[in-house]
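Participant: Protein chains in written order, with this note's numbering: chain A, 1 to 503; chain B, 1001 to 1157.
The C-beta atom is built at its ideal place from N, Cα and C for all residues, glycine as well.
The structure displayed is predicted, hence computed values, not measured ones.
Would you mind keeping the following structure in view while I ask a few things?
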């Protein structure tokens, strides 16, 4: 189906009253959890999975997409008004946006962030609309070895990009991979790493691991280091909305941010950190008011915020077309597709055209809803921050128990919640990135399947893995992704160490 | 910071060794596919052993571990082990009580423990709030089709 017809069909689906309702519910919840600490989009979707089994998949995914986009709007609101970036992508916004708020320009900062998110989110969604179908077609010619090479590249780049240390990134990835092999082996029916526990035969449940790592780990971590501080709100009243000057200084950063965010988000390494950081650096270089940077420059809010939202749209490209998740939220979305028995890829566009195009169309609608929800109501949303923390975190634990106990009423899941929760605590204390665990858990079994398919077709000859130009190229890139940064770091560290030794 | 958490490296390598040991019980090769069900776990175990070793080397060189930032965390990252213990007890409680006492009692207990971990001292109020919230959740999610077990298994309901 060509993109224009697909999109028109999609709007017909997304504009049905019940789907508009799900879209609104998703954007509403998304904004709320973006504002609230301790709970993010991935966790929310994981907790909603047991409930959404009973509703139509199209409606469920429209809601999830609303949560995914909405969390970013909510996150930018808190980072501007309170200097508490809820997620890594909002860090740069907090830097400049909060300075603007302190100078009484909070309203303008919120305005440029929301409009920039809208513009870039829409550009990103247009990119998704026209890029996804041809890439999905590409997947028809992918052989198992190409898939395996692509997944290997995703593994390596995710571990290298996320977090501060590559070793810790890889450890996180391999924890996920090792959890992924638990259960009955799909190809041969043998039990692997089940330790004789019948509940583990089906494998480790993605929801359980995600909820434990994010909710339980965060609960343990924050409770042990809890600092009682009332949110110190910067006054919104009296601030003026965007002036002509602000508009003139904002629109270019929005477009540049979108231009950085979407393609980088769509790469197998994905993530929103790099494009937001890149956008911030470029805006600081290009601005006519360099003296304002660090003291509340509007370009420093407009650019990164746009990049962040465009990257979110970009992440959906590999997810929908190839089934390749590159962030924690994308990993849980993939798990949700699997829950419904759907496999992202070219067949999804053919067999479930209504779902995919309805989802994409709902992204346009959701973006518009979010603009309306957030721009006039930002002052109301931040009131959510006054929820007493004891009740907020106790509530998160109870919702987690609904999510974990509700999956299969299994005691092993509860034990795993405690164990993996402790792991999440340790990972926070010693700064291990968390997303690679989830990506390893969900992509590991898929990568193994493709590897074995490829080898079976090649009668066990390992050279089949590099037999197509694509697989050879991707493996070469994967090799460079690991070795080049390591080499650079090694050279840099030698250069730093030598003068220090000489002193 | 001069902390040297070698136990982290031991834990990583130890988990790798366990994976390797369990993988060794499985056939490594397969007639057609070349690799059998044990090969992938074996590779994972070997890499984890290696990563544990690498982490130990980094720790020996004095690599820094900076705690991740989070909202609601105090500025100097002061640790209260009493609060951590309470929160951990709340997370461990379901293992003991979920099967015999049911969802509502368990969640009420969790609610009170977590609130206490976050320095709330009005335990009776928390108990009432927790019970009300747990009943509401149980009723609501049951309506939505989530199986959460009986209301009070002890009383046979």
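By how many angstroms is the C-alpha of residue 175 of chain A removed from the C-alpha of residue 1124 of chain B?
Facilitator: By 1-based counting over the second chain, the position of residue 1124 of chain B is 124. By 1-based counting over the first chain, the position of residue 175 of chain A is 175. Cα to Cα, residue 1124 of chain B sits roughly 41 Å from residue 175 of chain A.
Participant: Do residue 280 of chain A and residue 265 of chain A have their C-beta atoms within less than 8 Å of each other?
Facilitator: Taking the first residue of the first chain as 1, we reach residue 280 of chain A at position 280. Taking the first residue of the first chain as 1, we reach residue 265 of chain A at position 265. Contact: no.
Participant: Who are the near neighbours of residue 511 of chain A in its chain, counting only those whose CB is closer than 7 Å to its CB and skipping five residues on each side?
Facilitator: In this structure chain A extends from 1 to 503, so residue 511 of chain A is not present and cannot be described.
Participant: For the segment 177-200 of chain A, which residues have a CB atom closer than 8 Å to at least one CB atom of chain B, in sequence order?
Facilitator: Within the segment 177-200 of chain A, the residues whose Cβ lies closer than 8 Å to some Cβ of chain B are 177, 178, 181, 185, 187, 188, 190, 192, 193 and 195, listed in chain order.
Participant: Which value, in whole angstroms, describes the spacing of the CA atoms of residue 199 of chain A and residue 410 of chain A?
Facilitator: On the first chain, residue 199 of chain A is found 199 positions in, with the first residue counted as 1. On the first chain, residue 410 of chain A is found 410 positions in, with the first residue counted as 1. Rounded to whole angstroms, residue 199 of chain A to residue 410 of chain A spans 7 Å at the Cα level.
Participant: Taking the C-alpha atoms as reference points, what is the distance between residue 375 of chain A and residue 382 of chain A?
Facilitator: For the purposes of this step, residue 375 of chain A is taken as residue 375 along the first chain, with counting starting at 1. For the purposes of this step, residue 382 of chain A is taken as residue 382 along the first chain, with counting starting at 1. So the two alpha carbons sit approximately 12 Å from each other.
Participant: Residues in the segment 47-67 of chain A with C-beta within 8 Å of chain B's C-beta atoms, listed in sequence order?
Facilitator: Those residues of the segment 47-67 of chain A that come within reach of chain B (Cβ to Cβ, closer than 8 Å) are 50, 51, 53 and 54.
Participant: Can you list the residues of chain B that residue 37 of chain A reaches, using a CB-CB cut of under 9 Å?
Facilitator: Sequence index remark: in the first chain, residue 37 of chain A carries index 37 (1-based). What residue 37 of chain A touches in chain B: 1070, 1071 and 1072.
Participant: Report the residue ranges of all alpha helix (DSSP H) runs contained in full by the segment 82-147 of chain A; include only those spanning at least 4 residues, in chain order.
Facilitator: Taking only runs of at least 4 residues, the alpha helix (DSSP H) segments lying wholly in the segment 82-147 of chain A are 91-100 and 106-141.
Participant: Report back the beta-carbon spacing between residue 445 of chain A and residue 168 of chain A to the nearest angstrom; my notes put them in contact at under 8 Å.
Facilitator: The sequence position of residue 445 of chain A within the first chain is 445, counting from 1. The sequence position of residue 168 of chain A within the first chain is 168, counting from 1. About 23 Å separates the two Cβ atoms, so there is no contact after all.
Participant: Along the segment 1089-1106 of chain B, where does the CB come closer than 8 Å to a CB of chain C? Name the residues.
Facilitator: The structure shown has no chain C; the protein chains it does contain are A and B.
Participant: Tell me, please, which residues DSSP counts as bridged to residue 183 of chain A.
Facilitator: If you number the first chain from 1, residue 183 of chain A lands on position 183. Bridge partners of residue 183 of chain A: A:192.
Participant: Between which two residues does the alpha helix (DSSP H) containing residue 1128 of chain B stretch?
Facilitator: As a position in the second chain, residue 1128 of chain B is number 128, starting the count at 1. From DSSP, the alpha helix (DSSP H) with residue 1128 of chain B extends over 1123-1143.
Participant: In this structure, how does DSSP classify residue 1029 of chain B when only helix, strand and coil are distinguished?
Facilitator: Your numbering for residue 1029 of chain B matches position 29 in the second chain. Reduced to three states, the DSSP call for residue 1029 of chain B is strand.
Participant: If you reduce the DSSP assignment to three classes, tell me which class residue 34 of chain A lands in.
Facilitator: Taking the first residue of the first chain as 1, we reach residue 34 of chain A at position 34. Of the three classes helix, strand and coil, the one that applies to residue 34 of chain A here is helix, per DSSP.
Participant: What residues in its chain sit with their C-beta under 7 Å from that of residue 326 of chain A, if we drop five residues either side in the sequence?
Facilitator: Here residue 326 of chain A corresponds to residue number 326 of the first chain, with the count starting at 1. Closer than 7 Å at the Cβ level, and outside the excluded window around residue 326 of chain A, lie 154, 158, 268, 269, 270, 271, 315 and 318.
Participant: Would you say residue 1127 of chain B lies against chain A (beta-carbon separation less than 8 Å)?
Facilitator: Taking the first residue of the second chain as 1, we reach residue 1127 of chain B at position 127. Taking Cβ atoms only, chain A never reaches closer than 8 Å to residue 1127 of chain B, which makes this a no.
Participant: For residue 502 of chain A, is the classification buried or exposed, using 16 other Cβ atoms within 10 angstroms of its Cβ as the cut-off for buried?
Facilitator: Mapped onto the first chain, residue 502 of chain A falls at position 502. Model confidence at residue 502 of chain A stands at a pLDDT of 43, short of 50, so the residue's coordinates are unreliable; what they give is reported in the following sentence. With fewer than 16 Cβ atoms within 10 Å of its Cβ, residue 502 of chain A is classed as exposed.
Participant: Are the C-beta of residue 494 of chain A and some C-beta of chain B separated by less than 8 Å?
Facilitator: One-based indexing of the first chain puts residue 494 of chain A at position 494. With 8 Å as the cut-off, residue 494 of chain A does not count as an interface residue toward chain B.
Participant: Please report the straight-line C-alpha distance between residue 77 of chain A and residue 106 of chain A, rounded to a whole angstrom.
Facilitator: Counted from its first residue, the first chain places residue 77 of chain A at position 77. Counted from its first residue, the first chain places residue 106 of chain A at position 106. Approximately 10 Å, taken between the alpha carbons.
Participant: Along the segment 1131-1155 of chain B, where does the CB come closer than 8 Å to a CB of chain A? Name the residues.
Facilitator: The segment 1131-1155 of chain B vs chain A, Cβ under 8 Å: 1133, 1134, 1137, 1141, 1144, 1145, 1146, 1147, 1148 and 1149.
Participant: Would you say residue 225 of chain A faces chain B, with C-beta separation under 8 Å as the test?
Facilitator: Within the first chain, the letter at position 225 stands for residue 225 of chain A. True, the Cβ-Cβ gap to chain B drops below 8 Å.
Participant: With DSSP run on the structure shown, which of helix, strand or coil describes residue 53 of chain A?
Facilitator: Within the first chain, numbered from 1, the residue matching residue 53 of chain A stands at position 53. Three-state DSSP puts residue 53 of chain A in coil, outside helix and strand.
Participant: Helix, strand or coil for residue 62 of chain A, going by three-state DSSP, please let me know.
Facilitator: What you label residue 62 of chain A is simply residue 62 of the first chain in a count that begins at 1. In the structure shown, residue 62 of chain A sits in a helix (DSSP, three-state: H, G or I).
Participant: Residue 1009 of chain B lies in the alpha helix (DSSP H); which residues open and close that run?
Facilitator: Mapped onto the second chain, residue 1009 of chain B falls at position 9. First-last of the alpha helix (DSSP H) with residue 1009 of chain B: 1006-1024.
Participant: By Cβ distance, which residues of its chain are closer than 8 Å to residue 1104 of chain B, with the 5 residues on each side in sequence left out?
Facilitator: As a first step, residue 1104 of chain B must be located in the second chain, where it is residue number 104. For residue 1104 of chain B, where only same-chain residues beyond five positions count, the Cβ hits under 8 Å are 1131, 1134, 1135, 1138, 1151 and 1152.
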